[in-house]
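Chains as they are written, first to last, in the numbering used here: chain G, 26 to 144; chain S, 356 to 465. Heads up, the beta-carbon is just placed ideally off N, CA and C, and yes, glycines get one too. Report on the following structure.
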């Protein structure tokens, strides 16, 4: 059973940084690409970033390109999202999700971690 | 403006069947697997369908997914009041090199 547990959310001032983590279990982490997806209060789902199974490729949404960095540590079954230069419109619940095939979304999503950017 | 297009709302009576459509293009739905999510306000999205028509363990077979060309469909039979929620479709877009979602459909069980 795919299990993903996010952590690291909190309240941060605009312009500051935050690092999110997602610990995976129930599958061979190193075999799958991983996504970050977010949802602002009262809004729909917004894709944020993906990292390939071997870490060689990363893609980002235009809204976070140059500010966010996705990474993975297969020795710890952990996915990370380093968020710099945070803006108020980055306020959202952040979810990690496992790939299915071909970068599409698979059967596992986490419960999310809330990030609030406010002065 | 979402890359994938869903109806804003659908409704049906308890016990009836409802379908929710998700329209895209050749760069996303036609050439990639589609997944569907149920979200009750205040909770995380729950995966109902992945790889077009596969159900994760624990999802009942009254939930189904299908795809034809650039459109995908979620079907729910034997509607229950507990099915009232927002439903989203999602997939990968090869041209954008990005994940994409529909804007969501609110299901009301009358």
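Just to confirm before moving on: does the CB-CB distance between residue i and residue j stay below 7 angstroms?
| i | j | result |
| --- | --- | --- |
| residue 458/S | residue 69/G | yes |
| residue 125/G | residue 385/S | no |
| residue 442/S | residue 371/S | no |
| residue 391/S | residue 433/S | no |
| residue 128/G | residue 447/S | yes |
With burial defined as no fewer than 16 other Cβ atoms inside 10 Å of the residue's Cβ, what is the status of residue i: buried or exposed?
| i | result |
| --- | --- |
| residue 395/S | exposed |
| residue 389/S | buried |
| residue 53/G | exposed |
| residue 387/S | buried |
| residue 412/S | exposed |
| residue 105/G | buried |
Taking 7 angstroms as the CB-CB cut-off, is residue i touching chain S?
| i | result |
| --- | --- |
| residue 88/G | no |
| residue 29/G | no |
| residue 70/G | yes |
| residue 78/G | no |
| residue 119/G | no |
Cβ of residue i versus every heavy atom of the ligand PLP: is any distance shorter than 6 angstroms?
| i | result |
| --- | --- |
| residue 79/G | The ligand PLP is not part of the structure shown, which contains no ligands of any sort. |
Can you find a C-beta in chain G that's less than 7 angstroms from the C-beta of residue i?
| i | result |
| --- | --- |
| residue 411/S | yes |
| residue 379/S | no |
Problem set entry | Chain-ordered residues of the segment 382–402 of chain S with a beta carbon less than 7 angstroms from chain G | Contact annotation: in the segment 382–402 of chain S, residues whose CB is within less than 7 angstroms of a CB in chain G are 387, 388, 390, 399, 400, 402.
Exercise. Touching or not, the segment 376–395 of chain S and the segment 424–437 of chain S, by the rule of three or more beta carbon pairs under 8 angstroms?
Worked result: Contact between the segment 376–395 of chain S and the segment 424–437 of chain S is established, with three or more Cβ pairs separated by less than 8 angstroms.
For this session: Decide yes or no for the touch test of the segment 358–374 of chain S against the segment 39–55 of chain G: beta carbon pairs closer than 8 angstroms, at least 3 of them.
Result: no
Problem set entry | Under 8 angstroms (Cβ pairs) to chain B, residues found in the segment 126–144 of chain G | The structure shown contains no chain B; its protein chains are G and S.
Exercise. In chain order, what residues of the segment 423–454 of chain S put their CB closer than 7 angstroms to some CB of chain G?
Worked result: 443, 445, 446, 447, 452, 453, 454
For this session: Determine contact between the segment 72–85 of chain G and the segment 30–40 of chain G, defined as no fewer than three beta-carbon pairs at a distance below 8 angstroms.
Result: no
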